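**Student:** Chains G and E supply the protein sequences, listed in that same order. When you read off a place in the first sequence, starting at 1, and then add 115, the result is the number in this note's numbering. When you read off a place in the second sequence, starting at 1, and then add 115, the result is the number in this note's numbering.
Protein chains: 2
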Amino acid sequence: MQTLTIGQVARAANIGVETLRYYEREGLLPPPARSSNGYRRYPLDSVRRLGFIRHAKSLGFSLADIAELLNLYTDPEADSGAVKQLAQARLADIDAKIAALQQMRSALAAVTHQCSGDAMSRSECPILDALSGTDN
Amino acid sequence: MQTLTIGQVARAANIGVETLRYYEREGLLPPPARSSNGYRRYPLDSVRRLGFIRHAKSLGFSLADIAELLNLYTDPEADSGAVKQLAQARLADIDAKIAALQQMRSALAAVTHQCSGDAMSRSECPILDALSGTDN
DNA sequence: ATTGACCCTGTAGTAGACTACAGGGTTTAG
DNA sequence: CTAAACCCTGTAGTCTACTACAGGGTCAAT
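(1) Check this for me: beta carbons of residue 206 of chain E and residue 222 of chain G, under 8 Å apart or not?
(2) For residue 175 of chain G, decide whether its Cβ has a neighbour in chain E, counting only Cβ atoms nearer than 8 Å.
(3) Taking all protein chains shown into account, decide if residue 147 of chain E is buried (16 or more other Cβ within 10 angstroms of its Cβ) or exposed.
(4) In chain G, which residues lie with their C-beta within 9 Å of the C-beta of residue 215 of chain E?
(5) Output yes if chain G places a C-beta closer than 8 Å to the C-beta of residue 202 of chain E; else output no.
(6) Starting from residue 138 of chain E, follow the alpha helix (DSSP H) in both directions and report where the run begins and ends.
(7) Would residue 219 of chain E be called buried (16 or more neighbouring beta carbons within 10 Å of its own) or exposed?
(8) Check whether the region 118-126 of chain E and the region 149-158 of chain E are in contact - that is, three or more C-beta pairs closer than 8 Å.
(9) Can you find at least 3 beta carbon pairs, one from the region 163-180 of chain G and one from the region 125-140 of chain E, that sit closer than 8 Å?
(10) Let me know the secondary structure DSSP gives residue 119 of chain E once reduced to three states.
(11) Distance, Cα to Cα, residue 172 of chain E vs residue 160 of chain G?
(12) With a threshold of 16 other CB atoms inside 10 Å of the CB of residue 125 of chain G, please say whether the residue is buried or exposed.
(13) At the level of alpha carbons, what is the spacing between residue 209 of chain G and residue 143 of chain E?
(14) Answer with buried or exposed for residue 166 of chain G, where buried requires no fewer than 16 other C-beta atoms within 10 angstroms of its C-beta.
(15) Here's the rule I'm using: 16 or more other beta-carbon atoms within 10 Å means buried, otherwise exposed. How should residue 140 of chain E be labelled?
(16) Can you give the Cα-Cα distance for residue 163 of chain E and residue 214 of chain G, rounded to whole angstroms?
(17) Say whether chain E places a C-beta atom closer than 8 Å to the C-beta of residue 178 of chain G.
(18) If you compare alpha carbons, which of G/199, G/129, G/182 and G/131 is closest to residue 145 of chain G?
(19) Can you give the Cα-Cα distance for residue 131 of chain G and residue 123 of chain G, rounded to whole angstroms?
(20) Taking the C-alpha atoms as reference points, what is the distance between residue 128 of chain E and residue 149 of chain G?
(21) Going along chain G, which residues have a C-beta under 7 Å from residue 205 of chain E?
(22) Write down the C-beta distance between residue 187 of chain E and residue 202 of chain E rounded to the nearest angstrom, noting that I regard them as a contact closer than 8 Å.
(23) Would you please verify whether the beta carbon of residue 220 of chain G is less than 8 Å from any beta carbon of chain E?
As structure tokens, then:
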């Protein structure tokens with residue numbers, strides 16, 4: 116089975132070598148096999164896993180959240196019921212984020228059109244209105 | 116004009132007093148007027164502004180991003196053209212975030228349905244597929 | 001055989017976003 | 001009039017997520 120060194124994975128996933136070792140310590144990457152000289156030998160799909168991590172991070176998930184999400188799908192020990200519950204909680208989080216972003220989006224779009232070049236009335240600020248709603 | 120003390124604002128916005136002073140140092144809140152004893156006197160709409168900050172933070176925006184967003188609407192010095200450009204860049208960011216969240220959402224939903232209680236094939240993992248796509 | 005580009009472990013430093021004192025003044029209820 | 005509950009400034013500590021050494025071994029090419 117073909118494997119990659121840490122440097123090859125780092126380049127492929129556009130992530131630093133030190134960050135990879137950090138992710139391993141933090142449980143986001145399973146400890147890879149080692150070759151006789153002690154070098155880490157990563158399976159090819161590590162790059163895909165790192166792609167997921169990078170995307171999820173950019174969406175505001177913490178590394179702890181991401182570890183949990185990844186474990187939903189890779190941990191064969193996980194109880195299906197609990198997995199399903201967790202997945203559904205995450206779904207709700209994601210829906211809330213999408214809704215908030217859409218509110219923000221339409222507020223920004225509105226202002227982009229309103230501020231056509233002349234000073235608009237700052238007192239009626241759509242972005243504050245759009246997102247200062249009741250608690251989340 | 117009615118004003119609020121820092122403690123009243125903190126309670127209303129569900130944010131710590133120390134955090135409010137921190138936000139002021141970081142430029143997210145304009146320095147409020149002071150009463151004769153040196154206490155900060157916040158205008159009523161500070162609570163709304165803080166609501167916006169809290170929401171934007173939960174969507175993965177950094178404090179620097181949020182300060183910039185707020186200045187789009189409250190800085191009368193801002194050049195309209197630059198404002199519009201910045202707003203449009205932010206719009207694009209937001210659209211990208213929404214799209215990524217929607218991919219993640221459908222992947223999670225798919226798995227929630229697939230994992231109906233029996234062990235599924237881990238090798239065909241929809242969530243990794245959904246989000247390990249090409250770079251952002 | 002040695003140089004340069006890798007790899008290893010372990011520890012320390014950084015940036016962002018708080019959070020917690022220390023040390024001191026003010027207001028208000030009893 | 002004094003104790004609790006506020007407010008002030010300033011500095012230091014915490015947590016997350018890296019990022020950067022130090023000190024040393026490995027490998028491929030010249």
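Every residue gets a Cβ at the ideal spot worked out from N, C-alpha and C, and that includes glycine. Treat the numbers as computed from the prediction; the structure is a model and nothing was measured.
**Tutor:** With the structure as the only source:
(1) Residue mapping note: residue 206 of chain E aligns to position 91 of the second sequence, counting from 1. Residue mapping note: residue 222 of chain G aligns to position 107 of the first sequence, counting from 1. Not closer than 8 Å, so no.
(2) By 1-based counting over the first sequence, the position of residue 175 of chain G is 60. Yes - at least one Cβ of chain E is within 8 Å of the one on residue 175 of chain G.
(3) Residue mapping note: residue 147 of chain E aligns to position 32 of the second sequence, counting from 1. The residue is buried, with at least 16 neighbouring Cβ atoms inside 10 Å.
(4) Against the second sequence, residue 215 of chain E aligns to sequence position 100. Chain G residues near residue 215 of chain E: 170, 171, 173 and 174.
(5) As a working note, residue 202 of chain E is residue 87 in the second sequence. Output row for residue 202 of chain E: interface = yes.
(6) Here the question's residue 138 of chain E lines up with position 23 in the second sequence. 132-140 is the span of the alpha helix (DSSP H), which, as asked, contains residue 138 of chain E.
(7) Start at 1 with the first residue of the second sequence, and residue 219 of chain E comes out as number 104. The residue is buried, with at least 16 neighbouring Cβ atoms inside 10 Å.
(8) yes
(9) no
(10) Counted from its first residue, the second sequence places residue 119 of chain E at position 4. In this structure, residue 119 of chain E counts as strand in the three-state DSSP scheme.
(11) Counting from one through the second sequence, the residue named residue 172 of chain E turns up at place 57. Counting from one through the first sequence, the residue named residue 160 of chain G turns up at place 45. If I take the Cα positions, the gap works out to 32 Å.
(12) As a working note, residue 125 of chain G is residue 10 in the first sequence. Answer is buried; the Cβ neighbour count reaches 16.
(13) The residue labelled residue 209 of chain G in the question sits at position 94 within the first sequence. The residue labelled residue 143 of chain E in the question sits at position 28 within the second sequence. If you take the alpha carbons of residue 209 of chain G and residue 143 of chain E, they lie about 26 Å apart.
(14) Start at 1 with the first residue of the first sequence, and residue 166 of chain G comes out as number 51. Buried, because 16 or more other Cβ atoms sit within 10 Å of the Cβ of residue 166 of chain G.
(15) Against the second sequence, residue 140 of chain E aligns to sequence position 25. Under this definition residue 140 of chain E is an exposed residue.
(16) Translated into the one-based positions of the second sequence, residue 163 of chain E becomes position 48. Translated into the one-based positions of the first sequence, residue 214 of chain G becomes position 99. Those two C-alpha atoms are separated by around 19 Å.
(17) Working through the first sequence from its first residue, we reach residue 178 of chain G at position 63. Chain E, which has no Cβ nearer than 8 Å to the Cβ of residue 178 of chain G, makes this no.
(18) Locating residue 145 of chain G in the first sequence gives position 30, counting from the first residue. Of the listed residues, the one whose Cα sits closest to residue 145 of chain G is G/182.
(19) Indexing the first sequence from 1 puts residue 131 of chain G at position 16. Indexing the first sequence from 1 puts residue 123 of chain G at position 8. Distance between the alpha carbons of residue 131 of chain G and residue 123 of chain G: 10 Å.
(20) Along the second sequence, read from residue 1 onward, the residue named residue 128 of chain E stands at position 13. Along the first sequence, read from residue 1 onward, the residue named residue 149 of chain G stands at position 34. Looking at the two C-alpha atoms, the distance is approximately 52 Å.
(21) Taking the second sequence and counting its residues from 1, the one referred to as residue 205 of chain E is at position 90. What residue 205 of chain E touches in chain G: 223.
(22) Sequence index remark: in the second sequence, residue 187 of chain E carries index 72 (1-based). Sequence index remark: in the second sequence, residue 202 of chain E carries index 87 (1-based). The Cβ separation is near 6 Å, so the contact holds.
(23) Within the first sequence, numbered from 1, the residue matching residue 220 of chain G stands at position 105. Yes, residue 220 of chain G lies at the interface with chain E (some Cβ there is under 8 Å from its Cβ).
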